[in-house]
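A.B. asks: In our numbering, the protein residues as written are 19 to 93.
For each residue, glycine too, the CB sits at the ideal point set by N, CA and C.
All figures in this text were calculated on a predicted structure; none of them were measured in a lab.
Provided herewith is a single structure, encoded as structure tokens, for subsequent inquiry.
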């Protein structure tokens, strides 16, 4: 039986480590802009549904930004 957390995973195509780091940094910056305080990130031992959704959205925003950069300047 798969847990709810495992069923929400999205498989991404393989990418190099440098690109992963850039996406991670971009996502962290985007997420931090929407958090009022550090507690928003950590919440409690189980985390926070709001924080999980915010981080997920930030990763998606970062991926879209990278796609636009790739279209503009080539891969």
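#1: Does DSSP put residue 36 in a helix, in a strand, or in coil?
#2: Using the Cα positions of residue 35 and residue 70, report the straight-line distance between them to the nearest angstrom.
#3: Which residues mark the beginning and the end of the alpha helix (DSSP H) in which residue 72 is found?
#4: CA-CA distance, residue 92 and residue 67?
C.D. replies: Let me spell this out:
#1: By 1-based counting over the chain shown, the position of residue 36 is 18. Of the three classes helix, strand and coil, the one that applies to residue 36 here is helix, per DSSP.
#2: Along the chain shown, read from residue 1 onward, the residue named residue 35 stands at position 17. Along the chain shown, read from residue 1 onward, the residue named residue 70 stands at position 52. Per the coordinates, the alpha-carbon of residue 35 lies some 23 Å from the alpha-carbon of residue 70.
#3: Numbered from its first residue, the chain shown carries residue 72 at position 54. 67–91 is the extent of the alpha helix (DSSP H) around residue 72.
#4: Residue 92 sits at position 74 when you count from the first residue of the chain shown. Residue 67 sits at position 49 when you count from the first residue of the chain shown. Residue 92 and residue 67: Cα-Cα distance of roughly 36 Å.
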